[in-house]
Structure formats: structure tokens, C-alpha cells
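First comes the structure, then the notes that go with it.
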Amino acid sequence: MSADEAVSRLRSGMTLGIGGWGSRRKPMALVRALLRSEVTDLTVVSYGGPDVGMLAAAGRIRKLVTAFVTLDSIPLEPHYRAARERGAFELTEVDEAMFMWGLHAAANRLPFLPVRAGLGSDVMRVNPGLRTVTSPYEDQETFVAMPALRLDAALVHVNRADRLGNGQYLGPDPYFDDLFCEAADAAYVSCEQVVDTAELTKAAAPQTLLLKRHTVTGVIEAPNGAHFTSCAPDYGRDEAFQKRYATTPWPEFAARFLAGDEQAYRSAVGEES
Amino acid sequence: MSEGWSGSASVSGGVSEVTRAEYCVIACAEAWRGAGEILASPMGLIPSVGARLARHTFAPDLLLTDGEALLVGPDGTVEGWLPYRQHLALVTGGRRHVMMGASQIDRFGNQNISCIGDWAKPTRQLLGVRGAPVNTLNNPTSYWVPRHSRRVFVERVDMVCGVGYDRAAGARHHRIPRVVSDLGVFDFATPDRSMRLASLHPGVSVEQVREATGFGLVVPDEVSRTREPTAGELRLIREVIDPGNTRAREVAG
């Protein structure tokens, strides 16, 4: 399906998980399609990068669940910062590991998982709904009961996929994209290239097959679809363009790069370099 | 590559003056002395040089990453795979000593990298809590502050990300071995686990540290000096680990 078709299945008010990590292998073509749509009032669950920055700048986020938002080579995401500093949306701020266990709980249909993180920190103060759980065994240690991060939909981007939804990462880190798909009622996977199933393991080992088709709802072929974040080994982060994104006032950036479709985006980016 | 540092300061012709950045490297490296076969996770340029120096010298069994998903030897040889999900398992397994940054740190070692001001509507949004809560409850966590000031060393942090000693009651794996700044080394070896001056970098006075610290620091009667690097360590820092002198970008002088 196309990115616009995938986004047409999303509704305002949904809880939406976005894969990748910081400014790494983010499903940016799908985020751009989301920005072209009217979908808003979202609860976004993300190890945040420019996906969060753009959706925040465009006013699409009602609530964000995250452990951080960063552009990696630019530590602080400027549009996310600005949105937070004007109190633009609600925030559920949890630790990186709590976030991961929340996805694991959702993927395993558990209400929570115990995690030794958060206790003693202000994560407990800013999330008054968080509860603790005590080990029933001899140690009697107390843990945070991290609630499941169940998602209405997940958006992720990988290097290759077949038409059935078997998705493959070829870089050094899978991040948590399989968990996002398993935690979601529907998952839309964009990829650099759609290939025949047999092609997937011709040159790569089977453990690169991160996403299984039963957890994937739709596949979108989106070459350069993680731009301007990194998508190793297909391409690295477009640092010059990321800098441009970070230093250009949002209305100007959106008008220049996000007013048209993905083809228009690619042309506009091409004219920059 | 840095233009500012000339290769002529080689140790073979007599040790040239040790810079403040180099004392900081030594102070950071010492965090991993005798650590054994654990992962060293340095955040920041000087802690990275320090961890690699320790790996080259007195902590040869340390594991180090390339900053992404690979475990690498001193020459860059890949020896293992450590994607984020396995990294988080390694944290909770405890076989790791991380040195994090701190936008704020208080007398009991509570650390903040999330935001400044009221969390609900911060005056300055920073990174977020990241992995500070899981780090501090699971493996030794030290801190690195390149510019020691009252803005960083505060009476009370605005958002507790890394857990300090006064809030860690019952946390069986909580430990903050040291805080290193451009002025000195600090620890919590006091009866109430409040911060203590452990050593001053050469050229720094107790008064200077007190002036730059926003809370009453415990200062022992006899204050040690951060040790001198050996000639071999200086050679490693200057010629092998950091020939581009990235360390001077974090701490001048």
C-alpha cells in the first residue's frame, strides 16, 4: 500500500507507536504522510527523535510517552523543546528500560512487568498513576509495575520486506521495531525496498528477519523513507539536512519541504544538496 | 582534526606540561581501575578518552562499545554485538559502570538531565530522564561535569533522573563511585553520604571549588591532589587515543 493509504487507516485520538530510536531508522515517510493528513489528538509512544519533533511542531500530539527526545548529533530536539516549554501537550516520562518493558508487557498481553527502574526517581512523582509490586519470594524486593504500552497502531521502517509483511533490518541494531509491531493492533511497515520472499535470505542470515508477517498489517515501499534519519547500511543520517531542520523556523520548513507529497519532498531535498 | 595542539609536546623529550583536560582524563580513567570484565559506558569526550586509557593500562578486561551496537577492542576490532535491547539487559545484570553527564547534581548525588524548572511546563526542556533511573538502581553510576558551577552543583535538582543516596534506601545495587569535574574529584564517603571533595586537580584551590558549588561541600582537613599521569599514560592519551585533542574541546587549559 502507499503511505497515504496506511495513514488513511489511522484515526484522531489513537495511541500510535513509532519505531526507530532518536534520529535512527525512523519511519519518516509515514510521519510525513501523517502530517499531510488531518489525523491529530494522538498519544505518541516513541524513543523520540524528529518524528516527535515534527508531530509536536504541527500540533498533532495530545500526549507523549517517552524516555527522551533527541536528534543524536544535535542533542536537544528544538521543536520538541519549544512545544514542552509552552506546555503544548501531556507527557508520560519514563526511563528507557521501563519503556521497553511496557512494550514487552503489551506484546505478551500482560497488564504490567516488574522493573527495577524508576524507584527513588521523580519518574514516580510525575507519573502518580504508577504502582509498585513486591516480590512474593524470599527477597521481597519492591519493583515498579510498568503498565503495558498497548498501541492502536505502530509505524516502523526497515531495510527490506516482502509483500506479506516479513521485514528485515540490515544495520547493526534492530532497535525495538518488532516489539512495537507486537504491541499494536495494526502495524504499518515501510521499507527501502520490497523484494521477493526468497530474496530476503539470499545474502543475509535469517536472524535479520525482525518482523513477522502475522504482526504486520501493511507494507509500504518507501525508498529513502527514513530520511533524514539514518538507515544503515543503506544510508547514514543526512546531517546537513537535519541541521537545516533544526535551525529553520517550523512554518518555513513545513512550507518548503512538507507542503507536497513524498515525491515533492525528495525533489525539494535534492535541490538543497 | 584540531589545529590547536602541536605534536611537539611529545613526552620523549621531557614531559610537557600536563593540561587540565589531561588531569580530567586521569580522574575519569581511575573510575574503572580494577573494574574487571564489565562494560565501561563513558558519555562525553573526556570520559571516553579516560575509559580507553583504563582499557589500555590498568583495566585491560574492560568491554567498550563503538558508541553504537558493537563491542570493540582497542584497535577497533569487533568482538561482540550489543544492540540497545541487550545493552538494557546488561545494565540490569549489573556488569557495567557508566559515567553519565549531569545538567544538575545535588549533595546526595541526585542528578538531572530532564528539564529545568517546573516539570509540567519547564523553562528549559533538556533530554529527558533517558536511562538514568535504570542505571542508578542497577549498576555503578559516576558523573562527569566539564564546567563546575553553581548552576550544575545545586542544593536541589529540579527533576530526579539519577537517584542519589538520600533516595536510594533499600536499593541493593545502588552506588555512585565518583563525580569528576574540571575542578576535582568528588565522592560520597561521608557518614550521611553527602558529597565530599576527594581530590583537587593541580592548580585548583579549595576556595575555587567552594565558590563554584551551590551547597555545603564536605572538605577533609587534608585534601589530596589528583595524581599525575605517568609518561606512558601521557603518550597514550596524546599519541594513540586522542591525537586530535578532542579533550580540549570539553575542558580548556
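Those sequence lines, one after another, are chains W and G. Add 5 to the 1-based position in the first sequence for the numbering used here, that's all there is to it. Add 1 to the 1-based position in the second sequence for the numbering used here, that's all there is to it. In this text, a Cβ means the ideal position worked out from N, Cα and C, and glycines have one as well.
- Interface residue (Cβ-Cβ distance to chain W less than 7 Å): G/Met160 is classified as such.
- Counted as a single uninterrupted DSSP element, the alpha helix (DSSP H) harbouring W/Leu35 occupies residues 33 to 41.
- For W/Gly64, there is no enclosing beta strand (DSSP E), as DSSP gives it neither H nor E.
- Residue burial annotation: W/Asp182 is buried, with at least 16 other C-beta atoms found within 10 angstroms of its C-beta.
- The beta carbon of G/Leu91 sits no closer than 7 Å to any beta carbon of chain W.
- Between the C-alpha atoms of W/Arg155 and G/Asp222 there is a straight-line separation of about 57 Å.
- Going by beta carbons, G/Asn111 and G/Gly165 fall inside the 7 Å limit.
- A direct Cα-to-Cα measurement between W/Ala88 and G/Leu54 gives close to 41 Å.
- Put simply, the backbone Cα of G/Pro178 is about 15 Å away from that of G/Ala172.
- At least one CB atom of chain W sits nearer than 7 Å to the CB of G/Pro134.
- In the three-state reduction of the DSSP assignment, G/Cys116 falls in the strand class, which pools E and B.
- Beta-bridge annotation (DSSP): G/Trp82 is paired with G/Leu71.
- Within the stretch 119 to 130 of chain G, contact with chain W at the beta-carbon level (separation under 9 Å) is assigned to Trp120, Ala121, Lys122, Pro123, Thr124, Arg125, Gln126, Leu127, Leu128, Gly129, Val130.
- Here the alpha carbon of W/Leu39 sits roughly 17 Å from the alpha carbon of W/Thr222.
- When C-alpha distances from W/Thr202 are compared across W/Thr20, W/Gly170, W/Val194, the shortest belongs to W/Gly170.
- Between G/Pro134 and W/Val128, the C-beta gap is smaller than 7 Å, which places the two residues in contact.
- When rounded, the separation of the alpha-carbon atoms in G/Ser200 and G/Arg152 is 21 Å.
- With respect to W/Gln173, W/Thr234 sits apart: the two C-beta atoms are not nearer than 7 Å.
- In the three-state scheme derived from DSSP, where H, G and I count as helix and E and B as strand, W/Thr75 is classed as coil.
- Between W/Arg261 and W/Tyr270, the alpha-carbon positions lie close to 9 Å from each other.
- Within chain G, Val130, Arg131, Gly132, Ala133, Pro134, Val135 have C-beta atoms less than 8 Å from the C-beta of W/Asp100, given in sequence order.
- Residue environment analysis places G/His174 among the exposed positions, since fewer than 16 neighbouring C-beta atoms fall within 10 angstroms of its C-beta.
- Selection W/Gly54, W/Glu244, W/Ala150, W/Ala251 evaluated against W/Pro119 yields W/Ala150 as nearest (Cα-Cα).
- The alpha-carbon separation between W/Ala245 and W/Gln145 amounts to approximately 52 Å.
- Following the DSSP letters along the chain, one finds W/Ala269 inside the alpha helix (DSSP H) bounded by residues 267 to 277.
- Restricting attention to alpha helix (DSSP H) runs no shorter than 4 residues, the stretch 83 to 120 of chain W encloses them at 83 to 90, 101 to 112, ordered along the chain.
- When the alpha-carbon of G/Tyr85 is set against those of W/Trp106, W/Gln268, W/Val224, W/Tyr85, the nearest one is in W/Trp106.
- The C-beta separation of G/Gln105 from W/Glu90 comes to about 17 Å, leaving the pair out of contact by the 8 Å criterion.
- In the structure shown, G/Pro48 adopts helical secondary structure according to DSSP, grouped into three states.
- Beta-bridge partners assigned by DSSP to W/Thr48: W/Thr20, W/Lys68.
- Between G/Ser182 and G/Val99, the C-beta gap is not smaller than 7 Å, which leaves the two residues out of contact.
- For the stretch 64 to 85 of chain W, the set of positions with a beta-carbon nearer than 9 Å to some beta-carbon of chain G reads Thr71, Ala72, Phe73, Val74, Thr75, Pro80, Leu81, Glu82, Tyr85 in chain order.
- Contacts between G/Glu80 and chain W, judged by CB atoms closer than 7 Å, are missing: the closest CB pair is about 14 Å apart.
- Closer than 9 Å at the C-beta level to chain G, one finds these residues of the stretch 174 to 193 of chain W: Gly176, Pro177, Asp178, Pro179, Tyr180, Phe181, Leu184.
- Secondary structure at G/Phe189: coil, using DSSP grouped into helix, strand and coil.
- In the DSSP annotation of this structure, G/Ile242 is not part of any alpha helix (DSSP H), being labelled neither H nor E.
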